[in-house]
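Following: one structure in structure tokens, then a few remarks.
In the numbering used here, the protein residues as written are 27 to 196.
Pasting the structure below:
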């Protein structure tokens with residue numbers, strides 16, 4: 027008998043009685059497009075996360091649709107912080123608790139502001155990482171908002187990105 031798929035995220039959702047659908051991958055993926063294809067969804071339904079740090083060492087998690095790109099200058103303006111850059115890949119897991127490519131706005135190891143771009147609201151169902159590179163999770167965007175209590179702002183670049191690597195997604 028196979029053991030059911032379980033991660034900190036699925037356990038968290040179960041404990042909060044949140045409805046979700048597990049979206050297993052046949053293989054680990056590299057691009058947003060490949061991940062969306064394996065999940066059977068549009069790239070814009072994926073919640074892509076980017077871990078940013080300002081010059082004062084403050085952290086923020088920026089979340090946008092999978093087919094978009096974060097504009098760190100806009101995040102900085104919203105938070106009224108100084109210059110922001112992406113956190114080095116080697117530090118992502120120690121800060122968030124998730125390996126690069128599996129970061130989700132839920133159950134973060136380190137407390138930080140979470141910003142959602144308004145475009146995340148374009149779909150009633152979105153997908154996040156399960157915390158594993160082998161599955162995503164589909165859930166109501168309203169449930170996700172209720173669980174992580176993000177701040178909404180215009181934080182994406184004005185031009186959509188066709189090919190975004192998951193290793194940039196974090």
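Glycine included, C-beta positions come from ideal geometry on N, C-alpha and C.
Contact check between the segment 84 to 98 and the segment 124 to 138: three or more CB pairs, one atom from each, fall below 8 Å, which counts as touching. CA-CA distance, residue 97 to residue 58, rounds to 18 Å. Proximity of the segment 68 to 76 to the segment 39 to 51 falls short of the contact definition, fewer than three beta-carbon pairs being nearer than 8 Å.
DSSP, read as helix, strand or coil, puts residue 95 in coil. Relative to residue 115, the option among 132, 148, 77 whose CA is nearest is 77. Here DSSP, grouped into helix, strand and coil, assigns residue 104 to helix. Shortest Cα-Cα distance from residue 60 to any of 92, 171, 124 involves 92. The Cβ atoms of residue 110 and residue 101 lie closer than 8 Å to each other. In the structure shown, the three-state DSSP call for residue 180 is coil. For residue 112, the enclosing beta strand (DSSP E) has its first and last residue at 110 to 112. Fully contained in the segment 33 to 78 are the following alpha helix (DSSP H) runs of length 4 or more, in chain order: 34 to 41, 58 to 65.
Residue state for residue 152 is assigned as strand, using DSSP reduced to three classes. Assignment of beta-bridge partners to residue 164 by DSSP yields 47, 153.
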